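Novice: Mapping of the sequence shown onto UniProt numbering: position 21 corresponds to residue 21, and the numbering continues sequentially without gaps.
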Amino acid sequence: MIRNRATYIINNLLSYASSHKDSSNEIRKLVTVTNKFLNQHPNLILTRADKGNVTVALDKDKYLNKVEDLLRDTETYTTLKKDPTRKLITQLRDILTR
1 MIRNRATYII
11 NNLLSYASSH
21 KDSSNEIRKL
31 VTVTNKFLNQ
41 HPNLILTRAD
51 KGNVTVALDK
61 DKYLNKVEDL
71 LRDTETYTTL
81 KKDPTRKLIT
91 QLRDILTR
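1. Would the beta-carbon of THR55 fall within 8 Å of that of LEU46?
2. Is it true that the CB of LEU38 sits closer than 8 Å to the CB of LEU30?
3. Throw me the rounded Cβ distance for the TYR77 and LEU71 pair, which I believe falls under 8 Å.
4. Could you check what DSSP says for ARG48 in three-state terms: helix, strand or coil?
5. List the endpoints of the continuous alpha helix (DSSP H) containing ASP94.
6. Spatial neighbours of LEU58 within its chain, please: CB distance less than 6 Å, with the 5 preceding and 5 following residues excluded, ordered by chain position.
7. If you draw a straight line from the alpha carbon of GLU68 to that of THR79, how long is it in whole angstroms?
8. Just verifying my parser: in three-state terms, what is the DSSP assignment at VAL33?
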């Protein structure tokens, strides 16, 4: 509960604090509590969810293990011999200049 509330407040801190000066002390306290909590729990990753406009907290080790498991699936993913980015950028530029 504190994570969701604090994340929302942190995301809107500057605009909210400037228009609601009475609440700025409360916001500063919540930011401090949130930063302390996150520093005490370095195993948490805060990120946007794929769907919905929400922030989620993930266990870093579980997240990395899941990603590694997904990438090991050779039916879905293949290892590239070289980075295709330059070629794709060139092709995109050619398409855009037509």
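All C-beta atoms in this analysis are idealised placements derived from N, C-alpha and C, irrespective of residue type, glycine included. Being a predicted model, the structure only gives us computed values, none of them experimental.
Specialist: According to the structure shown:
1. As a position in the sequence shown, residue 55 is number 55, starting the count at 1. As a position in the sequence shown, residue 46 is number 46, starting the count at 1. In contact: THR55 and LEU46 (Cβ atoms closer than 8 Å).
2. Residue 30 sits at position 30 when you count from the first residue of the sequence shown. Residue 38 sits at position 38 when you count from the first residue of the sequence shown. Result no, Cβ atoms of LEU30 and LEU38 do not sit closer than 8 Å.
3. Here residue 77 corresponds to residue number 77 of the sequence shown, with the count starting at 1. Here residue 71 corresponds to residue number 71 of the sequence shown, with the count starting at 1. That pair is a contact at about 6 Å.
4. Locating residue 48 in the sequence shown gives position 48, counting from the first residue. It is a strand residue.
5. Against the sequence shown, residue 94 aligns to sequence position 94. That run of the alpha helix (DSSP H) goes 85-96.
6. Sequence index remark: in the sequence shown, residue 58 carries index 58 (1-based). Closer than 6 Å at Cβ, skipping near neighbours: ILE45.
7. Walking along the sequence shown from the start, residue 68 turns up at place 68. Walking along the sequence shown from the start, residue 79 turns up at place 79. Going by the C-alpha atoms only, they are around 13 Å apart.
8. Here residue 33 corresponds to residue number 33 of the sequence shown, with the count starting at 1. Helix, per DSSP.
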